[in-house]
Structure formats: structure tokens, C-alpha cells
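Residue numbers (the working numbering): 2 to 133.
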Amino acid sequence: MSKHKFEAGQLVLARYNVGGGPKWSLQHFSHVNSGDYPFNTITGYSFSQCIPYTTETAHLIGTSDPYEPPKPPHEYKWGDKVEVNFYGDWGIALYIAPTTDREKHWCSTKKRPCHMTAFKISEIRPMEPSHD
2 MSKHKFEAGQ LVLARYNVGG GPKWSLQHFS HVNSGDYPFN TITGYSFSQC
52 IPYTTETAHL IGTSDPYEPP KPPHEYKWGD KVEVNFYGDW GIALYIAPTT
102 DREKHWCSTK KRPCHMTAFK ISEIRPMEPS HD
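Structure below.
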């Protein structure tokens with residue numbers, strides 16, 4: 002059974018079985034019943050799997066790929082060693098803190114150690130472990 006709570010009329014992705022079975026299709030959710038195919042849609046069909054239709058799940062339409070829930074974003078702490086994209090060049094930096102509006106994050110780069118630079122979260126990534 003799905004961990005998601007669905008509302009009647011909500012757009013969902015649904016399919017008949019697990020393990021490389023039929024493809025995900027876009028449906029309007031109706032209600033839940035018991036049995037092997039508990040997820041009912043307004044078309045009158047019942048499905049064994051049902052997930053919310055979102056920008057993160059839209060790529061599954063027409064595929065039999067498994068659904069993998071999105072991973073939570075990485076949370077950085079003061080003092081974490083990170084890599085930052087500084088004008089197209091990834092370099093080592095020290096994470097300081099989010100900006101007051103939390104749109105960007107302060108880091109001190111190895112290239113400019115006495116300055117703090119604000120980076121978008123997409124410009125910051127965890128340091129890869131060293132294999133030396």
C-alpha cells in the first residue's frame with residue numbers, strides 16, 4: 002500500500018504491478034479499496050501502484066521504471082569542507098552559513114580565504130572523500 006495520501010480528482014501516476022510490469026500512466030485518483038489493486042481512478046480502472054504526479058515523477062510516464070522517492074537535500078554545517086562552483090571552476094571552500102533570506106549560502110573559498118562569497122545551493126557540493 003502507498004504511503005501517500007491522495008485526494009479525489011488528484012493527478013497520479015498508476016500501474017498494475019511491481020517488477021518491470023506495465024508502464025506508468027497519468028490518471029485522476031478516485032478512491033482506495035482493499036485487494037491486490039486498491040487504487041481506483043475516475044476511469045473505473047484499479048491499479049496496484051499509485052504515486053503523486055509531480056515534476057519529480059513526470060519522467061516516469063510511459064516507462065516501467067521503478068519509483069524512487071527523492072532524496073532530501075544535503076544539510077551543511079558551519080566548518081564543513083565543500084566544493085563550490087566559482088565562475089565555472091569547482092574549488093575547495095569552507096561552509097559558513099546560509100544568508101538571512103536562505104536563498105544563498107556563505108562560503109570562504111581557498112582562492113579568497115579572507116572573504117566570504119554567497120553561493121546558490123546548486124553551486125555547492127559535498128567534498129568527495131579522499132582516497133590517498
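Ideal Cβ positions, reconstructed from N, Cα and C, are used throughout, including at glycine. If you're wondering where the values come from, they're calculated on a predicted model, not measured in any experiment.
- prompt: Could you give the C-beta distance for ILE93 and LYS111, rounded to a whole number, given that I count them as a contact under 8 angstroms?
  reply: Start at 1 with the first residue of the sequence shown, and residue 93 comes out as number 92. Start at 1 with the first residue of the sequence shown, and residue 111 comes out as number 110. Contact flag correct, Cβ pair sits at about 5 angstroms.
task: Assign ALA94 to one of three DSSP states: helix, strand, or coil.
output: Numbered from its first residue, the sequence shown carries residue 94 at position 93. Strand.
message: Tell me the rounded alpha-carbon separation between LYS82 and PHE7.
response: Within the sequence shown, numbered from 1, the residue matching residue 82 stands at position 81. Within the sequence shown, numbered from 1, the residue matching residue 7 stands at position 6. Taking the straight line from one Cα to the other gives about 41 angstroms.
task: Just the C-alpha distance for LEU12 and ASP37, rounded to the nearest angstrom, thanks.
output: Residue mapping note: residue 12 aligns to position 11 of the sequence shown, counting from 1. Residue mapping note: residue 37 aligns to position 36 of the sequence shown, counting from 1. Near 21 angstroms, if we compare the C-alpha coordinates of ASP37 and LEU12.
- request: Assign TYR96 to buried or exposed, taking buried as 16 or more other Cβ atoms, counted over all protein chains shown, within 10 Å of its Cβ.
  value: Translated into positions along the sequence shown, residue 96 becomes position 95. It counts as buried.
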